[in-house]
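In this note's numbering, each residue carries its 1-based index in the sequence shown increased by 85. Cβ atoms here follow ideal geometry from the backbone N, Cα and C, with glycine treated the same way. Here's the structure, in structure tokens; my notes come after.
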Amino acid sequence: MIVFNQLPNIGLEFMNIEHQQAADLFNKIETDFKRHDVDAVIAGILEIQQHCIEHFAHEEREMKTYEYPPYNVHKQAHDRVLMEIDMVVKQLQSHRTLSKISSYIEHGFPSWFSHHLATMDKVTAEFILSQQAVKSA
Ligand SMILES: [Fe+2]
86 MIVFNQLPNI GLEFMNIEHQ QAADLFNKIE TDFKRHDVDA VIAGILEIQQ HCIEHFAHEE
146 REMKTYEYPP YNVHKQAHDR VLMEIDMVVK QLQSHRTLSK ISSYIEHGFP SWFSHHLATM
206 DKVTAEFILS QQAVKSA
């Protein structure tokens with residue numbers, strides 16, 4: 086389970102809102118996973134996949150707007166996780182075996198999420214905020 090309030094607060098509100106939405110979507114998947122409801126888990130993963138595509142694109146737009154120098158490093162992290170989610174979806178759709186994705190649900194995604202927030206997103210938000218401060222000064 087992802088407890089949103091225990092995650093680092095990122096200075097940018099749009100990130101906090103969208104991260105909270107991702108945490109809610111993930112927690113629903115985890116509940117359905119524990120209930121062994123394969124169809125609900127597939128539907129939930131498709132939903133979080135769509136959310137991540139849109140959310141990452143949003144962060145990437147902001148990084149470009151403020152010419153964030155390590156843009157590529159952050160984008161590559163996003164691309165990697167989108168590939169992982171895609172593999173999980175395909176795996177589930179073809180085998181319908183929840184045990185094959187248990188490590189991703191129990192550890193993979195939640196630990197990636199909290200680590201990514203605490204590192205790349207936090208640093209990116211600090212950079213964008215400092216650029217906004219320069220522009221409004
Ligand atoms: Fe990010």
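Next on the checklist: Let's test the definition: count the other Cβ atoms within 10 Å of the Cβ of F99 and tell me whether it reaches 16, buried, or not, exposed.
Outcome noted: Translated into the one-based positions of the sequence shown, residue 99 becomes position 14. Burial call: exposed.
Checklist entry - Is T209 buried or exposed, if buried means 16 or more other CB atoms sit within 10 Å of its CB? => result On the sequence shown, residue 209 is found 124 positions in, with the first residue counted as 1. Burial call: buried.
Next on the checklist: Looking at the secondary structure, which residues open and close the alpha helix (DSSP H) in which E103 lies?
Outcome noted: In the sequence shown, residue 103 corresponds to position 18, counting from 1. Counting along the chain, the alpha helix (DSSP H) containing E103 begins and ends at E98 to K119.
Item to check | Element boundaries [alpha helix (DSSP H), containing N181] | outcome: Counting from one through the sequence shown, the residue named residue 181 turns up at place 96. In the sequence as displayed, the identity of residue 181 is Arg instead of Asn. Per DSSP, R181 belongs to no alpha helix (DSSP H) and is neither H nor E.
Next on the checklist: Buried or exposed for E144, going by 16 or more other Cβ atoms inside 10 Å?
Outcome noted: Residue numbering aside, residue 144 sits at position 59 when the sequence shown is read from its first letter. Buried, because 16 or more other Cβ atoms sit within 10 Å of the Cβ of E144.
Checklist entry - Which of the three DSSP states, helix, strand or coil, is assigned to A222? => result Along the sequence shown, one-based indexing puts residue 222 at 137. Three-state result, A222: coil.
Checklist entry - Apart from the five residues on each side of it in sequence, which residues of its chain come closer than 7 Å, Cβ to Cβ, to E211? => result As a working note, residue 211 is residue 126 in the sequence shown. Cβ within range, chain order: G96.
Item to check | Opening and closing residue of the alpha helix (DSSP H) in which F141 lies | outcome: Locating residue 141 in the sequence shown gives position 56, counting from the first residue. V123 to T150 is the span of the alpha helix (DSSP H), which, as asked, contains F141.
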